[in-house]
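Colleague:
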Amino acid sequence: MDKQVLDKMLRPKSVAIIGASATPGKIGYTVVDNIIKGGYTGKIYPINPTCTEILGLKTYPEIEQVPDEIDSAIITVPAKVMAEVVEECGRKGVKGLIVITSGFSEVGRKDLEDQMLEIAARYGMRILGPNIVGSLSNSDKFNGSFAPGLPFPGKASLVTQSGALLIALDMATYTRRVGFDKLISIGNMADVDFADLIEWFDEDENTTCVSLYIEGMKNGRKFIDAARKSSKPIVALKSGVSAHGAAAAASHTGSLAGAAKIYTSAFKQAGVIQATDLNDLFNRTLTLSQQPPMKGDNLLILSNGGGVGVLATDAAEKYGIPLKFAPADVQEELKKHMPDFGSAKNPVDLTGMAGNDWYYQTTKFSFSHKWTDGLVVLYCETAMTNPQEIAESIKKAVDESGLKDKPITVSFVGGEKSDKAMGWLVENGIPAFGAPDIAVNAMASLRDYARLQEYKNSDHFETDEKAKQMALDVIAKARADNRDSLTEIEAKEVFKAYGMPVTSISLSKTEDEAVALGKKIGFPLVLKIVSPDILHKSDAGGVKVNIKDEAGIREAFQTILKNAKAYKADADIHGVAIQEMAPWGTEVILGSVNDPAFGPTVMFGLGGIFVEVLKDVTFRVTPVSHAQAEEMIGEIKGAPILAGVRGEKPRDKKELAKAIYQYSCMIYDLQDEIKESDANPVLVYEEGTGLKVADARIILKAK
Ligand code: ADP
Ligand code: MG
54 MDKQVLDKML RPKSVAIIGA SATPGKIGYT VVDNIIKGGY TGKIYPINPT
104 CTEILGLKTY PEIEQVPDEI DSAIITVPAK VMAEVVEECG RKGVKGLIVI
154 TSGFSEVGRK DLEDQMLEIA ARYGMRILGP NIVGSLSNSD KFNGSFAPGL
204 PFPGKASLVT QSGALLIALD MATYTRRVGF DKLISIGNMA DVDFADLIEW
254 FDEDENTTCV SLYIEGMKNG RKFIDAARKS SKPIVALKSG VSAHGAAAAA
304 SHTGSLAGAA KIYTSAFKQA GVIQATDLND LFNRTLTLSQ QPPMKGDNLL
354 ILSNGGGVGV LATDAAEKYG IPLKFAPADV QEELKKHMPD FGSAKNPVDL
404 TGMAGNDWYY QTTKFSFSHK WTDGLVVLYC ETAMTNPQEI AESIKKAVDE
454 SGLKDKPITV SFVGGEKSDK AMGWLVENGI PAFGAPDIAV NAMASLRDYA
504 RLQEYKNSDH FETDEKAKQM ALDVIAKARA DNRDSLTEIE AKEVFKAYGM
554 PVTSISLSKT EDEAVALGKK IGFPLVLKIV SPDILHKSDA GGVKVNIKDE
604 AGIREAFQTI LKNAKAYKAD ADIHGVAIQE MAPWGTEVIL GSVNDPAFGP
654 TVMFGLGGIF VEVLKDVTFR VTPVSHAQAE EMIGEIKGAP ILAGVRGEKP
704 RDKKELAKAI YQYSCMIYDL QDEIKESDAN PVLVYEEGTG LKVADARIIL
754 KAK
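Take 54 as the starting number for the sequence shown in my numbering and just add one per residue.
Structure below.
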């Protein structure tokens, strides 16, 4: 990220509009008009070869004729003349280009985009867009866009991939009173992307929370790294999940991958809070931009009505901050400000008799008390109270507490007066919402943020060079053979190099060899077809289990070869694998895909119907730490099965976490070689007795 270049681009002291127009209704006119109307105090240079003045400003036929330095150029000329214009900007020494024009990769003209990027790179210029609405900054009074006006002022900043959404949200900021400092449209993200802006916002003194609307991204790893380093909360709404998922649906494991879950785990790994819809994005953004994180689990709820208190209590459990009763000393103090029929437990019910003073006293006391990690204040409009006065009482109590590192959210349920009072609260830095569950959800965002900060730094990774070299040797042999997949024997060698416990396995070419090997390994045995052309071996009748003697080996050997030939006449058959039969255990599956955005990604789930029917699986972007591997195990719905059900002993979760970790190291290290892989099944045994990889599969990237 070039901080100075982005400073100039997005907070310019002078701006040129290339493609400025004197005709109202044209984008080139609207942008000039918007910059003026927004109250911009820098210099504005409209560039237009045919007229001399636009909206009272002198125009120049070419940017190179402007007798002044230009920080940012907003470009609206057609795509076909873009190269020329970008070249001129380069010669002029402009560093930041805001390219509003569309007609690039979004319509299949990536060539035009690449050409523009190539020229920009030559001059050290950065490009926002193309195909965008523009960039807006309240603190610079800079509306460099064709959006209607600067947003309702505040401390959040939004980056959106959808321009139309920017325009719509821009106006909604006023009705919702969610304040933004900057709104940035990034369109095709040919150059400047989410990661660049996350980094840039980290140093922007006017931004306290970064809000993202994401459709898809090209470099997920860069995003994760930038988000992890950010010292500010980031909220993201991801859409367009299903179409994206199709790309990875090539194989069995891939079809389970569905990018949605990968984004969700990537957000978690990066410490990013995920919003569920637009309303949620707004609510969380507002809250995180105004309030500090909630550092512990003690949530206190004050209300003047039982109903809202119960709703808030339900929400607290739903959103991961279940209520506990307040300690005795807190209850005693609170009782002084309520009638006998009130409740000082938690939620605290001050009853409908609560007026300004009770709200003031109880808010001040509970907010200041060391037990409280976060406070939610609820109010139902009553005939005897004035919402504005209640709002002022709450605000006064918070101010007088002098605390800046503890969060508060508020909900008023009522009519117009309540709405107005909430608007006043929001303008004064206290997030307020029209429903109790939303106020609790907002508080949960602050709790999630604190938790994610601990989570995101939990991984540490080092390549095991020796293991990697062993694996690469195996892969090189298959490549030399012109194959794009490994046999089970080879795949197990790779798994083993990374320390995973695989069943012992050897290749036999003849029946006699099979018998000799079988006797050495010991009964019972499993025999399987070994062919790079048969990847799902059971489907081809290529697996025989529980073979107990020599006669069994001979029979299985013949049947497997016969079945394989019947399944695929021209299959290249290496022979039959003789392997140790692992005892019965709980079946789990590990899988990996190379996600188009996030790269090598590991999947874990229980085997059989759990994975195939219920899709009860979880993902992580690699590398994965031990702690994250443990979390994956606890995260699936079937987790209790591993803990031991119906009298069964708990499974060896420690060794399972270790295997997930080893597997993630393997696919991370070998990401240039492995397209996808799985271990299906892995048999997990009782605590203390480990696990066995019974089957392994590795598909190589085409080279
Ligand atoms: P496929 O290519 O069809 O996935 P597998 O190697 O997974 O073939 O074998 C099919 C099934 O046979 C497995 O799901 C497992 O139940 C059993 N199996 C395979 N290998 C072993 C083994 N070494 N020990 C015990 N059971 C095995
Ligand atoms: Mg299998």
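Heads up, the beta-carbon is just placed ideally off N, CA and C, and yes, glycines get one too.
1) Measure the alpha-carbon distance for residue 177 versus residue 148 and round it to whole angstroms.
2) Assuming residue 274 contacts residue 651 (C-beta within less than 8 Å), just tell me the rounded distance between them.
3) Going straight from the alpha carbon of residue 754 to that of residue 532, what length do you get?
4) Residue 240 by DSSP, collapsed to three states: which one?
5) Kindly give me the distance between the Cβ atoms of residue 744 and residue 708, rounded to whole angstroms, as I take these residues to be in contact under 8 Å.
6) What are the residues that DSSP puts in a beta bridge with residue 633?
7) What is the chain-ordered set of residues for which the beta carbon lies under 5 Å from any non-hydrogen atom of the ligand MG?
8) Measuring alpha carbon to alpha carbon, tell me which of 138, 199, 694 and 192 ends up nearest residue 172.
9) Expressed to the nearest angstrom, what Euclidean distance is found between the alpha-carbon atoms of residue 750 and residue 348?
10) Does residue 302 come out as helix, strand or coil in the three-state DSSP assignment?
11) Tell me which same chain residues have a C-beta within less than 6 Å of the C-beta of residue 304, skipping the five on either side of it?
12) At a threshold of 7 Å, does residue 590 count as lining the ligand ADP (C-beta to nearest heavy atom)?
13) Rounded to whole angstroms, what is the Cα-Cα separation between residue 84 and residue 373?
14) At 3 residues or longer, and completely inside the segment 515 to 566: list those beta strand (DSSP E) runs for me, N to C.
15) Measuring alpha carbon to alpha carbon, tell me which residue in 658, 713 and 698 is nearest residue 682.
16) With a cut-off of 8 Å, do at least 3 Cβ pairs link the segment 725 to 739 to the segment 619 to 626?
17) To the nearest angstrom, how far is it from the Cα of residue 405 to the Cα of residue 468?
18) So, is residue 235 buried or exposed, given that buried needs 16 or more other C-beta atoms within 10 angstroms?
19) May I ask you to report which of helix, strand or coil DSSP gives residue 395?
20) Assuming residue 722 contacts residue 516 (C-beta within less than 8 Å), just tell me the rounded distance between them.
21) Taking residue 521 as the reference, give the member of 229, 731, 720 and 206 with the closest Cα.
22) Work out the CA separation of residue 223 and residue 256 for me, nearest whole Å.
23) Got a sec? Which residues, its chain only, sit under 7 Å from residue 503 by beta carbon, not counting five neighbours each side?
24) Go ahead and label residue 736 buried or exposed: buried means 16 or more other beta carbons lie within 10 angstroms of its beta carbon, across all protein chains shown.
25) Do residue 341 and residue 245 come within 8 Å of each other at the CB atom, strictly closer than that value?
26) According to DSSP, residue 644 sits in a beta bridge with which residue or residues?
27) Give the range of the alpha helix (DSSP H) segment to which residue 248 is assigned.
28) Using 8 Å as the threshold, is the segment 262 to 276 in touch with the segment 209 to 217, meaning 3 or more CB pairs across them?
29) Are the segment 62 to 73 and the segment 119 to 133 touching by the rule of at least three beta carbon pairs closer than 8 Å?
30) For residue 729, verify whether its CB is less than 7 Å away from any heavy atom of the ligand ADP.
31) Any heavy atom of the ligand ADP closer than 7 Å to the beta-carbon of residue 549?
32) Taking the beta carbon of residue 662 as the centre, do at least 16 other beta carbons fall within 10 Å, making it buried, or is it exposed?
33) What does a CB cutoff of less than 7 Å around residue 679 pick up in its chain, not counting 5 residues either side in sequence?
34) Pair every Cβ in the segment 322 to 331 with every Cβ in the segment 468 to 486, then say whether three or more of these pairs are closer than 8 Å.
35) For the beta strand (DSSP E) containing residue 745, name the first residue and the last one.
36) Taking DSSP's pairing of strands, which residues face residue 499 in a bridge?
Modeller: Quick look at the numbers:
1) 7 Å
2) 7 Å
3) 10 Å
4) coil
5) 5 Å
6) 578
7) 733 and 748
8) 138
9) 44 Å
10) Residue confidence is low: residue 302 scores 36 on pLDDT, short of 50, so the model does not pin down where it sits. Its coordinate-derived value is still stated next. Of the three classes helix, strand and coil, the one that applies to residue 302 here is coil, per DSSP.
11) Note that residue 304 has pLDDT 36, beneath the 50 cutoff, so the model's placement of it is unreliable and no number is given.
12) yes
13) 45 Å
14) 558 to 561
15) 713
16) no
17) 16 Å
18) buried
19) coil
20) 5 Å
21) 720
22) 23 Å
23) 346, 347 and 348
24) buried
25) no
26) 656 and 731
27) 247 to 255
28) yes
29) yes
30) no
31) no
32) exposed
33) 710 and 714
34) no
35) 744 to 746
36) In DSSP, residue 499 forms no bridge with anything.
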